[in-house]
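Throughout the sequence shown, residue numbering follows our numbering, covering -10 to 250 in sequence. Just so you know, even glycine gets a beta-carbon here, dropped at the ideal spot from N, CA and C.
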Amino acid sequence: WVEFHEVELEHIFWRWDVSAMVFWKGNIREYGGQEYLRAILVDEQGTKMEAVACGNHHMMFNNVLIEGETYDFLGVYFTPTYVDPIPNMYRLCEYYVVVLLPDTVVKTPQRPIWISECPRAFRKFEDVYRQPVDTFADVIGVVVYASEIQDRGDFRRRPNKHVVIMNQRKNFIIIHVNDPHLQRHIWEWRRAAYQFKTLAALHVKISTMQGGVTTTDYSQIIFSPTCSDAYDLKDLCKQIRAERKQITKPARALTLDIINK
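Right, here's the structure in full:
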């Protein structure tokens, strides 16, 4: 057995067993005359990894795998994502992908599998800045600004707001928040910005705006998460409270500049 964060180059030469939940399952697609199925799995540590089934057996996995269900996958391969048979196929910017083979066995786990609320590690802001548009990342930071709700009266667009989080290096990421997350946390956004709460935004999509990400239906927003990265941000929260105006002013200016473009 192996967990996703443990996978290294040495693992690609052997077959492995993994326990994971199906976080997302895509539609069957075709490339070069061959159909394939993509999915995103998440293990007990909260680490995500993409999985792919190419060839005649893809229909079997499409029929068996259900989003939100946890399985034991027995006899999978790992392969580096730079070995990309289909251009722009992978969306998590991870080093490895799970390969589901014709004889990979999928079964119900014999023990309870508890998926961690937060991933074992979050993506650094500096790495997020370099990710291609339409890829995904998990980020965590302190909320330093939340805009008013935008486009509330425009029937052509979905209501949304911009939330700015900051890391320990005082770099910003702007989260473009759409429904269902806007309404689900409607009473928490402004309070989080005023109290400088820690926020984890999971599976957010890299957008075209510089340093910006966007929520999707599969994103998760967690206020005051319980994890080591959140604990490391406690000192930053105290520092921000002491420098409230110096921190919130540039965050607000950055957001207004984007909104007004």
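Could you name the residues of the same chain whose beta carbon sits closer than 6 Å to that of residue i, not counting the 5 residues immediately before and after it, in chain order?
i	result
A42	L26, F50, L89
H170	T204, I210
M198	I247
S8	D61, P98, I102
F114	N156, N160, I162
V53	V95
R173	none
L222	V131, T187
C226	V131, F185
V(-4)	F67, Y85
A219	T187
T124	R80, C82, I195
D73	none
Less than 8 Å between C-beta atoms, sequence neighbours within five positions excluded: which residues of the same chain meet that for residue i?
i	result
V202	V117, A126, V128, I162, I163, I164, H165, A190, V193, K194, I195, S196
E(-8)	V7, D32, E33, Q34, T36
L63	D6, T93, V94, V95, K96
E56	V11, F12, W13, K14
C(-10)	Reading off the sequence shown, one finds Trp at residue -10, where the question assumed Cys. Once the five neighbours on either side are set aside, the close Cβ partners of W(-10) are W5, D6, V7, S8.
R230	F185
Pick helix, strand or coil for residue i, following the three-state DSSP scheme.
i	result
H46	coil
S217	helix
D92	coil
D116	helix
V152	strand
F(-7)	helix
Q184	helix
T68	strand
F212	strand
N16	coil
T244	helix
Q199	coil
Y52	The residue asked about is misnamed: residue 52 is Asn in this sequence, not Tyr. If DSSP states are grouped into helix, strand and coil, N52 belongs with the helices.
E(-1)	helix
A231	helix
L81	coil
L225	helix
In chain order, what residues of the same chain have a beta carbon less than 7 Å from the beta carbon of residue i, not counting five sequence neighbours either side?
i	result
W103	E33
H47	I17, E24, Y25, L26
Heavy atom of the ligand NAD less than 7 Å from the Cβ of residue i, yes or no?
i	result
T124	Questions concerning the ligand NAD fall outside what the structure shown contains, since it holds no ligand whatsoever.
With DSSP as the reference, please indicate the residues paired to residue i in a beta bridge.
i	result
S8	D61
V128	A190
V31	M10, K37
F161	M155
N167	N149
Q172	Per DSSP, none; premise fails for Q172.
E293	Absent from the structure is residue 293, since the part of the chain shown begins at -10 and ends at 250.
Which residue wins for smallest C-alpha separation from residue i, given the options the options?
i	options	result
A110	V122, R147, Q228, V31	V31
Y134	R233, D6, F(-7)	R233
K37	Q157, C82, D224	C82
H151	N167, R158, R141	N167
P121	S105, K96, R80	R80
C107	L245, S217, A242	S217
D224	I175, R241, R158	R158
I154	F212, I138, P148	F212
T59	W13, A242, G200	W13
T215	S136, S105, Q235	S105
I29	S208, W3, N45, Y183	S208
M268	S136, E19, R112	A question about residue 268 goes unanswered here, because the residues of the chain that appear run from -10 up to 250.
H(-6)	Q235, P76, N45, V87	V87
Y183	L245, D206, R241	R241
Exercise. Counting pairs of Cβ atoms below 8 Å between the region 63 to 74 and the region 178 to 186, do you hit three or more?
Worked result: no
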